[in-house]
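Structure record follows, encoded as structure tokens.
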Amino acid sequence: MKKTIVAFLTTVLIFTACSSEEGDKPSGRANEKLAAKFGLTVFEYENGIGPIKEKLNIPAEIDQIMAQSGKEIFDAKCTQCHKINERYTGPALGDVTKRRSPEYIMNMILNPTEMTQKHPEAKKLLGLYATQMTFQNVSKEDARKILEYLRSVSN
Amino acid sequence: MGVIIVSAAFSGCAPSNEEGDFSGAASKVYVAPGKYDEFYAFMSGGFNGQLTVYGLPSGRLFKIISVFSQNPETGYGYSEETKPMLMTSYGFVPWDDAHHPELSQTDGVPDGRWIFINANNTTRVARIDLSTFETAEIIEIPNSAGNHGSPFVTENTEYVIASTRFSVPVPNRDVPIDSYKENFKGTLSFIKVDPEKGNMEIAFQILVPGFDYDLAHAGKGPSHGWAFFTSYNSEQANTLLEINASQNDKDFIAAVNWKLAEKYLAEGKAKKINTEYYRNYFDEDKQKAFSEKRSSVYVLNPKDCPGMIYYLPTPKSPHGVDVDPTGEYIVAGGKLATVIPVHSFSKMLKAIENKEFDGEIDGIPILKYDAVIAGEVENPGLGPLHTEFDGKGYAYTSAFISSEIVKWKLGTWEVVDRIPTYYSIGHLMIPGGDSKKPWGKYVVALNKITKDRYLPTGPELCQSAQLIDISGDKMQLLLDFPTIGEPHYAQGIPAEILMKRNKKFYELEKNSHPDKTASEKETRVERKGNEIHVYMTATRTHFKPDNIEGVKVGDRVYFHITNLEQDWDIPHGFAVKGLNNSELLIMPGQTKTIEWVPQKEGIYPFYCTDFCSALHQEMQGYVRVSSKNSNVELSFN
Ligand SMILES: [Cu+2]
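Those protein sequence lines, which keep their order, are chains L and V. Residue numbering for the first sequence follows the working numbering, starting at 1 and increasing by one per position. Residue numbering for the second sequence follows the working numbering, starting at 1001 and increasing by one per position.
Below, the structure is given as structure tokens:
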């Protein structure tokens, strides 16, 4: 058990370190093993389960227009549960783009129920917050905009 | 030993006509967990004023749709948004007696868009939207009393038709009741339905002699363009009807050529009568109901409209009138008749052409019975009432007095099978059984009196429905199940037709309720004189605001609550201690408002009533109510 956690933390660290680098797949042996353990593909393990099935081409520079419209959607559909800098119904999201890959964030927005059923990280958070995250009828495009907003407030 | 005694005693009590192996029946109605029923059945709630939704073949109850009666479960008729649905020219009427659900049709086949149902008592017709299973519209029928023969649809839902059971003065006024014969009239109403939105308007009414008009059905196929209405009390008695209205050997089915009526209307033959009635509708985008008052209606008099209406003589106090899938046969069910008379539509047209009349009443020609009758079903059971069809050439008639369903063949009129019901069947229903294309797999018996059938539940016994397999030559009883209220009439439709259309939540973007709170940032409490408006949001698992201070005794507090969820099956509830009203149940994306006038100082908790998540119990808050002249500032968080 302990070992798993250690291995897990390691992968998270590796993963976090690499995730901002475009197209660079942190697909070590450990991830393959872990993914298999949870019945996931390596991609799913690293990037979540949902409609985003491959790495997206996300430029390093933030698209401010997209981020602004992402903020509007976030304010309307997410703020009842998420704040940027404090824990609320769900976790604070100011640092989420550091913790998770862009694809993972979008899959979590677009497919929260399956994520909390099948993905070990999402499961863990469900245990911690005790509230099922809901799908807020957000389109793929809107999820991308929310992601851009979250990137813009990254701290 | 004990077992033997018990089983012997038990079989001694069981109705002898029900012996046999029911294990086959059980497997035919078993729907495994997670599997869907094949049909939705919509059964009237009778005197509870609602419409209930069951699955077939399981008999499982899915929902009670609030229609004509207030429902504290959802706040229907209590919330500010839905109170207008129950407005009438008699004021707010929070109850009614609902009888005949009728699915909308396209080309004579149920299409799953809407279902209509009548209110007998304070005469109304409702339209329920089957994408939401919610009441979308209620229209009052003027010049009517006892809106019983209603609401039956024409082949493409051009019209919903409605006839008046109790004749009354038209327009209604203060007259001696014994002036019945001069002053009392019946009306047959044609409600036009907007083909896109379903909105209803009364296009015209036909003024008819003061009989009791009981039930109706529209023609189909060759008889499309006609509608048929039964009547009793052609004696026009107004006292002790059980004797005085049963004198004549034959009463009538009124056959109305509504296409011709449309033409007369266009030609200006109708008289505009001043009368007051309401049309109420629910605006889904505004999440709010509105009432509109109407002040007149067009009335056609048969005397001015030759060829528009004929009487078909029909023995004896006919109750149901049902048109077979081909549109040729018009079957009457006579409460007191010993045979089932079946009229022929083609013979009727010929008789009209040849003027084979037997006199007339108030300008309405009476056709000769022998000229229009296609056949009579002999020995159809006692008190035959209603007939549905299986689409395979057979008809099924309910017999109220002898408590049975009788199956007979169209064309030969011979009875081929019968099965007892428990007990006192009124209507019966085959999914699509009054349409052009029945799904003739089951017939459902809708029973009134069920003594000895269920465990007793006090002086009031269950009413019930029974599911009978009609796929083979012999009818087979599969299941019986208790119902909510009186299962007066019902409609059935394959579930797959409705499931495709099912709405899962209301989109927040479309919510244009004037008191919507679009996000937690907009939550606030405002005072306007002695009114307090709380703009509140609900989400898993909190309300915002959750503490409110500065409310005073006697303030009119309006909680406008928006459920911010956008996933289905996450309603939130809302209730405040001492609220002299009801709770609210707010669907995802909806805004609802409830009024509260606190009478005493103190702390009032409010909470979510619908279990929404693990932290549902934490979904709560407080309102502090201070004295009328206190100086506690309005505040919230
Ligand atoms: Cu709740």
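Just so it is clear, CB atoms sit at the ideal spot from N, CA and C, and this is done for glycine as well.
By alpha-carbon positions, which one of the options ends up nearest to residue i?
i: V:Gly-1186; options: V:Thr-1539, V:Ser-1234 and V:Thr-1537; result: V:Ser-1234
i: L:Gly-48; options: L:Lys-123, L:Asp-95, L:Glu-141 and L:Gly-70; result: L:Lys-123
i: V:His-1488; options: V:Ala-1032, V:Phe-1022, V:Asp-1037 and V:Leu-1051; result: V:Leu-1051
i: V:Arg-1060; options: V:Leu-1086, V:Met-1085, V:Gly-1359 and V:Val-1029; result: V:Val-1029
i: L:Gly-127; options: V:Leu-1615, V:Phe-1636, V:Val-1623 and V:Val-1323; result: V:Leu-1615
i: V:Val-1297; options: V:Asn-1147, V:Leu-1188, V:Val-1323 and V:Thr-1593; result: V:Leu-1188
i: V:Asp-1610; options: V:Glu-1376, V:Gly-1075 and V:Ser-1295; result: V:Gly-1075
i: V:Thr-1123; options: V:Ile-1138, V:Asp-1129 and V:Arg-1113; result: V:Ile-1138
i: V:Ala-1032; options: V:Gly-1049, V:Phe-1022, V:Pro-1057 and V:Trp-1408; result: V:Pro-1057
i: V:Ser-1424; options: V:Phe-1092, V:Glu-1486, V:Ala-1218 and V:Lys-1528; result: V:Glu-1486
i: V:Ala-1216; options: V:Arg-1527, V:Tyr-1180, V:Pro-1195 and V:Arg-1165; result: V:Arg-1165
i: L:Met-115; options: L:Leu-34, L:Asn-31, L:Ala-30 and L:Pro-51; result: L:Pro-51
Return yes when at least one heavy atom of ligand 1 lies under 6 Å from the C-beta of residue i, else no.
i: V:His-1533; result: no
i: V:Cys-1612; result: yes
i: V:Met-1536; result: no
i: L:Met-106; result: no
i: V:Met-1619; result: yes
i: V:Cys-1462; result: no
i: V:Cys-1608; result: yes
i: V:His-1616; result: yes
i: V:His-1572; result: yes
Determine which residues share a DSSP beta bridge with residue i and list them.
i: V:Arg-1453; result: None; V:Arg-1453 has no bridge partner.
i: V:Tyr-1329; result: V:Ser-1344
i: V:Asn-1280; result: V:Ile-1138 and V:Ser-1291
i: V:Arg-1527; result: V:Ile-1532
i: V:Thr-1539; result: V:His-1542
i: V:Val-1416; result: Per DSSP, none; premise fails for V:Val-1416.
i: V:Val-1625; result: V:Val-1551 and V:Gly-1602
i: V:Pro-1313; result: V:Phe-1252
i: V:Ala-1237; result: The partner list for V:Ala-1237 (beta bridge, DSSP) is empty, contrary to what the question assumes.
i: V:Ile-1594; result: V:Phe-1559
i: V:His-1217; result: V:Phe-1228
i: V:Leu-1051; result: V:Ser-1044 and V:Ile-1065
Just the C-alpha distance for residue i and residue j, rounded to the nearest angstrom, thanks.
i: L:Lys-25; j: L:Ala-36; result: Note that L:Lys-25 scores 48 on pLDDT, short of 50, meaning its location in the model is unreliable and no value can be drawn from it.
i: V:Asp-1569; j: V:Gly-1458; result: 35 Å
i: L:Glu-72; j: L:Arg-99; result: 23 Å
i: V:Phe-1042; j: V:Val-1053; result: 5 Å
i: V:Tyr-1159; j: V:Ile-1191; result: 5 Å
i: V:Cys-1612; j: L:Thr-131; result: 10 Å
i: V:Glu-1496; j: V:Val-1170; result: 45 Å
i: L:Glu-22; j: L:Glu-148; result: The predicted model places L:Glu-22 with a pLDDT of 41, which falls under 50 and marks its position as unreliable; any figure quoted below should be read in that light. Approximately 15 Å between the Cα atoms of the pair.
i: V:Thr-1397; j: V:Ala-1371; result: 24 Å
i: V:Gly-1307; j: V:Glu-1388; result: 29 Å
i: V:Lys-1269; j: V:Phe-1204; result: 11 Å
i: V:Gly-1333; j: V:Ser-1519; result: 58 Å
i: V:Gln-1105; j: V:Thr-1154; result: 8 Å
i: V:Leu-1584; j: L:Ser-154; result: 40 Å
i: L:Gln-68; j: L:Ser-152; result: 9 Å
i: V:Gly-1383; j: V:Asp-1362; result: 30 Å
i: V:Lys-1303; j: V:Phe-1152; result: 25 Å
i: V:Cys-1462; j: V:Gly-1225; result: 40 Å
i: V:Ser-1089; j: V:Asp-1096; result: 14 Å
Starting from residue i, find everything on chain V with Cβ-Cβ shorter than 7 Å and list it in chain order.
i: L:Asp-75; result: Ser-1519 and Lys-1521
i: L:Ala-30; result: Those within 7 Å of L:Ala-30 in chain V number zero; the least Cβ separation is about 33 Å.
Please list the partners that residue i has in chain L, where partner means a Cβ-to-Cβ separation under 9 Å.
i: V:Gln-1566; result: Lys-77, Thr-134, Phe-135, Gln-136, Asn-137 and Val-138
i: V:Met-1501; result: Just to set this straight, residue 1501 of chain V is Arg in the shown sequence, not Met. In chain order: nothing, as chain L lies at least about 18 Å away.
i: V:Glu-1638; result: Nothing about residue 1638 of chain V can be read from this structure; chain V reaches only from 1001 to 1637.
Run down chain L in chain order and give the residues with a C-beta less than 8 Å from the C-beta of residue i.
i: V:Arg-1524; result: Simply none; closest approach about 15 Å.
i: V:Thr-1537; result: Gln-80
i: V:Ile-1570; result: Thr-134
Using a C-beta to C-beta distance shorter than 7 Å, which residues of chain L count as neighbours of residue i?
i: V:Glu-1188; result: According to the sequence as given, residue 1188 of chain V is Leu; it is not Glu. Within 7 Å Cβ-Cβ: nothing; V:Leu-1188 doesn't reach chain L, min ~46 Å.
Interface residues of chain V around residue i at Cβ under 9 Å?
i: L:Thr-89; result: Thr-1539, Arg-1540, Thr-1541, His-1542 and Leu-1615
i: L:Ala-131; result: The question names Ala, but residue 131 of chain L is Thr in the sequence shown. Going along chain V in sequence order, the residues near L:Thr-131 (Cβ under 9 Å) are Arg-1540, Thr-1541, Ser-1613, Ala-1614 and Leu-1615.
Given 6 Å as the limit, tell me if residue i has its C-beta closer than that to any heavy atom belonging to ligand 3.
i: V:Lys-1347; result: This structure lacks ligand 3; its bound ligands are ligand 1.
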